[in-house]
Amino acid sequence: MAEKALKPMLSVVEKTQDKIIQIKDLQIWINESRILNNITLSIPKNEITCIIGPSGSGKSTLIRSINRINDEVPGISTQGEIIFNGLSINNKNIDLAQLRTQIGMVFQKPCVFPKSIKENVLFGIPHLKKISKLEKFQIAEENLKAVSLWKEVAHRLHDKAISLSLGQQQRLCIARTLAIKPEVILLDEPTSSLDPISARAIEDMMVRLKKKYTIIFVTHNLQQAKRIADNLVFICDGKLIEQGPASKMLSCPSNPETKAYVTDEYCEC
Ligand SMILES: Nc1ncnc2c1ncn2[C@@H]1O[C@H](COP(=O)(O)OP(=O)(O)O)[C@@H](O)[C@H]1O
Ligand SMILES: [Mg+2]
1 MAEKALKPML
11 SVVEKTQDKI
21 IQIKDLQIWI
31 NESRILNNIT
41 LSIPKNEITC
51 IIGPSGSGKS
61 TLIRSINRIN
71 DEVPGISTQG
81 EIIFNGLSIN
91 NKNIDLAQLR
101 TQIGMVFQKP
111 CVFPKSIKEN
121 VLFGIPHLKK
131 ISKLEKFQIA
141 EENLKAVSLW
151 KEVAHRLHDK
161 AISLSLGQQQ
171 RLCIARTLAI
181 KPEVILLDEP
191 TSSLDPISAR
201 AIEDMMVRLK
211 KKYTIIFVTH
221 NLQQAKRIAD
231 NLVFICDGKL
241 IEQGPASKML
251 SCPSNPETKA
261 YVTDEYCEC
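In full-length UniProt numbering, the protein residues as written are 1 to 269.
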């Protein structure tokens, strides 16, 4: 439904089957500062792409441009193009709510609403009033199972979401994102506020979910990227240093700066 509504508002640019997102010459300024500098990259479908790089290198700015939540930042200006499923998303007229249905996002800190566990899962679903009670239950069950939370919460769906542990809250946020049936999930350091066991549960979940979704995962934790990434994008000081299959970039990087970063997490760029 969402795709049908989005299409007429966008110009068809090109279709490259296995690359669900292509970013071309993306430049972002905030006021006078250039934050991203000529970023060109592509994101393969149904794989995990990890964006790595030192703190302040522009990882969040990059991922936030993909669902256009950067638009809210005062003083921001963007040049270049982002193509999603062959359609340019930079068009001023696109329906951002629909775009964000197709490209869901999970933030660094779990962001649950002051509602029940079940209501949190259902939160982003349009026309909720028209959905039967049974269907709502089934949607909650399906998505809580997808994030391996069902067994832990099935008996307490009406409890406040805030009563869950942080790790459970973050899995609930992912369930809420899955419930709106996105094609792409953006995650910006989703495990950085979690304990190592909860973080590993989310990593394992991402590896399972990539069969159905394309996952773009920002992390400053190189070990985490090594565990889950199919592809790496290394950015430093707003510049794209290298991108490619994780196996190649970790074992035989083309760029000396990538080599320094993946061996010692050190970068002079
Ligand atoms: N709203 C903002 N206003 C001004 N500068 C910003 C803003 N957001 C980010 N920046 C700057 O942009 C650069 C990249 O930030 P960010 O994308 O958050 O990096 P990362 O996620 O890699 O840590 C940093 O220098 C940061 O200070
Ligand atoms: Mg960040």
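Even for Gly, the Cβ is constructed at its ideal location relative to N, Cα and C. In this text, all values refer to a predicted model and were calculated from it rather than measured experimentally.
In the pairwise beta carbon analysis, the region 232–244 is classified as not touching the region 203–214: fewer than three pairs are separated by under 8 Å.
The Cβ atoms of THR214 and VAL184 sit closer than 8 Å to each other. Ligand 1 has no heavy atom closer than 7 Å to the beta-carbon of THR214. Not a single heavy atom of ligand 1 lies less than 7 Å from the C-beta of LYS109. Excluding the 5 residues flanking it on each side, SER77 has same chain C-beta neighbours closer than 6 Å at TRP29, in chain order. Counting other Cβ atoms within 10 Å of its Cβ, LYS211 stays below 16 and is therefore classed as exposed.
For ARG34, the uninterrupted beta strand (DSSP E) run begins and ends at 33–44, by DSSP. By the criterion of at least three beta-carbon pairs nearer than 8 Å, the region 172–184 is in contact with the region 90–108. Distance from the CA atom of LEU128 to the CA atom of LEU41, rounded to whole angstroms, is 37 Å. Secondary structure of PHE107 (DSSP, three-state): coil.
Exclusion of SER77 from the 7 Å shell around ligand 2 follows from its C-beta lying no nearer than that to any non-hydrogen atom of the ligand. When secondary structure is reduced to three states using DSSP, CYS269 falls in the coil class, being assigned neither helix nor strand.
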